[in-house]
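Contents: one structure, followed by commentary.
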Amino acid sequence: MQCEIRPADGPKGLPFYISQGKAFHEIHVLGGRFLLVSYVGASSLRWQTQKKILDQIELNTNMPVALGFDVLNETQRKGLVQAKIPYVSTSSFFLPFLGIAYRKQRKTFSKKNQKKNITLSKLTASAQAFFLFMMYKVKKTKISKSEAARQNNLTPMSVSRYCRELLDRGLINETKEGNSTLISCSEIGRLLFDKALPYLDSPIKKEIILFPSQAFKSLPKAGETALSEVSMLAPPKESLAACGPHANLAKEKGLAIENLGFFKNSFVRLQIWKYDPAPFAMDRRIDIVSLYLSLKDSPNERVQACLKEMLEKAQW
Numbered sequence: 002m003q004c005e006i007r008p009a010d011g012p013k014g015l016p017f018y019i020s021q022g023k024a025f026h027e028i029h030v031l032g033g034r035f036l037l038v039s040y041v042g043a044s045s046l047r048w049q050t051q052k053k054i055l056d057q058i059e060l061n062t063n064m065p066v067a068l069g070f071d072v073l074n075e076t077q078r079k080g081l082v083q084a085k086i087p088y089v090s091t092s093s094f095f096l097p098f099l100g101i102a103y104r105k106q107r108k109t110f111s112k113k114n115q116k117k118n119i120t121l122s123k124l125t126a127s128a129q130a131f132f133l134f135m136m137y138k139v140k141k142t143k144i145s146k147s148e149a150a151r152q153n154n155l156t157p158m159s160v161s162r163y164c165r166e167l168l169d170r171g172l173i174n175e176t177k178e179g180n181s182t183l184i185s186c187s188e189i190g191r192l193l194f195d196k197a198l199p200y201l202d203s204p205i206k207k208e209i210i211l212f213p214s215q216a217f218k219s220l221p222k223a224g225e226t227a228l229s230e231v232s233m234l235a236p237p238k239e240s241l242a243a244c245g246p247h248a249n250l251a252k253e254k255g256l257a258i259e260n261l262g263f264f265k266n267s268f269v270r271l272q273i274w275k276y277d278p279a280p281f282a283m284d285r286r287i288d289i290v291s292l293y294l295s296l297k298d299s300p301n302e303r304v305q306a307c308l309k310e311m312l313e314k315a316q317w
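Numbering (our numbering), first residue to last: 2 to 317.
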């Protein structure tokens with residue numbers, strides 16, 4: 002099935018929050034066309050809320066609208082179909098206005114193939130956090146697994162599990178010295194980053210909108226706010242910061258996006274991560290590896306240029 006994809010402008014004449022944080026593409030397929038709306042970063046909105054936003058965009062643009070995703074789990078896929086929300090992802094799509102739907106069949110693997118598949122997959126979030134510890138804290142030196150567990154407040158079993166993920170991908174080395182098992186990075190600095198990049202994922206779990214607070218100001222800056230401090234990018238109108246999944250602010254419900262137009266107050270955006278960004282923060286900003294991962298899929302060409310500039314200037 003052939004299709005043509007064209008970059009598109011956001012809807013005109015609608016509240017700013019409807020187009021903010023989204024990328025728009027016009028899709029031509031099967032003699033028809035529709036607007037694909039993809040979120041830049043994670044979205045914490047419920048399907049019912051997203052459907053209301055899509056309905057407004059559809060009325061404004063006078064064409065069918067679908068949500069775009071890189072990856073969907075089975076629960077999310079079922080939720081979209083039950084809510085009758087058109088969508089496109091890498092493994093399935095549901096486009097009722099064209100009368101078509103597709104779902105890639107799940108494959109079953111032998112143990113041998115499963116092991117092969119693991120070596121090519123992304124690190125788990127916890128293993129990625131442990132990788133950042135190795136990259137930023139251990140660097141050229143060696144550290145025992147027991148000491149690494151102590152410094153990260155982890156159990157020895159957890160450290161062994163994370164080390165196995167890193168060893169399988171060639172990111173660390175492991176040696177025995179007496180009764181201790183020592184681990185070290187297989188490369189350092191930019192070389193290690195480039196080697197690890199295929200296995201690293203965005204740390205963002207979801208993003209919520211809040212009113213500014215002292216608690217928010219104490220968090221490390223994130224997203225375009227952080228990038229603007231290490232490049233020529235202009236800071237965004239709404240400040241961004243990040244916290245781990247267990248932080249107090251992560252428990253906040255956040256403001257409903259459809260109600261923002263009723264408030265005259267300024268807003269801030271809080272990224273809730275899969276791991277705590279604080280241990281790796283530098284100068285009250287999230288670390289550069291996590292910053293790159295959180296923005297690498299941005300459709301903004303200026304952001305992409307500034308990310309490249311940041312990596313080139315980084316003091317690895």
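Here a beta-carbon is modelled for each residue, glycine too, at the ideal position from N, C-alpha and C.
Excluding sequence positions up to five before and after L81, its CB lies within less than 7 Å of the CB of W48, Y88 and F95, all in the same chain and listed in chain order. One Cα belongs to F131, the other to L294, and the distance between them is close to 16 Å. Taken atom to atom, the span from the alpha-carbon of Q152 to that of F134 is near 10 Å. Contact check between the segment 186-195 and the segment 148-162: fewer than three CB pairs, one atom from each, fall below 8 Å, which does not count as touching. One thing to note: P221 has its Cβ no nearer than 7 Å to the Cβ of R270. Apart from the 5 residues on each side of it in sequence, F268 sits with its Cβ closer than 6 Å to the Cβ of I210 and E239 in its chain, given in chain order.
In the DSSP assignment, T182 falls within the beta strand (DSSP E) that extends over S181 to C186. For P157, the enclosing alpha helix (DSSP H) covers residues P157 to D169.
Taking C-beta atoms under 8 Å as the contact rule, L201 and L124 qualify, at a distance of about 7 Å.
The way I'd put it, the segment 11-23 does touch the segment 31-40; three or more beta-carbon pairs between them come closer than 8 Å. Here DSSP, grouped into helix, strand and coil, assigns R7 to strand.
Using a Cβ-Cβ distance cut-off of 8 Å, the segment 241-257 and the segment 178-191 are not in contact, since fewer than three pairs of beta carbons, one from each stretch, lie closer than that value. Under the three-state reduction of DSSP, R34 is assigned to strand. Residues of the same chain with a CB within less than 7 Å of the CB of D277, apart from the 5 flanking positions on each side, are G245 in chain order. Cβ-Cβ distances below 8 Å link T142 to S185 in the same chain, with the five nearest sequence neighbours on each side left out; the list follows chain order. Under DSSP, G69 forms a beta bridge with S39 and V89.
At the C-beta level, S92 and K105 come within 7 Å of one another. Judged by DSSP secondary structure, R286 falls outside any beta strand (DSSP E); it is assigned neither H nor E. Residue pairing of I101 in beta bridges, as defined by DSSP: L96. Distance from the CA of A149 to the CA of S181, rounded to the nearest whole angstrom, comes to 12 Å. The Cβ neighbour count for R170, taken over all protein chains shown within 10 Å, is at least 16; the residue is labelled buried. T176 sits in a strand when the DSSP states are folded into three classes.
By the neighbour-count criterion, in which a residue is buried when 16 or more other Cβ atoms sit within 10 angstroms of its Cβ, T76 is exposed. Around the Cβ of Q83, a 10 Å sphere holds fewer than 16 other Cβ atoms; the residue is exposed. Shown here, F25 sits in a strand according to DSSP, grouped into three states. Here the alpha carbon of L31 sits roughly 43 Å from the alpha carbon of S127. P204 is classed as buried because its beta carbon has at least 16 other beta carbons within 10 Å across all chains shown. C-alpha of G22 to C-alpha of I86: approximately 19 Å in a straight line.
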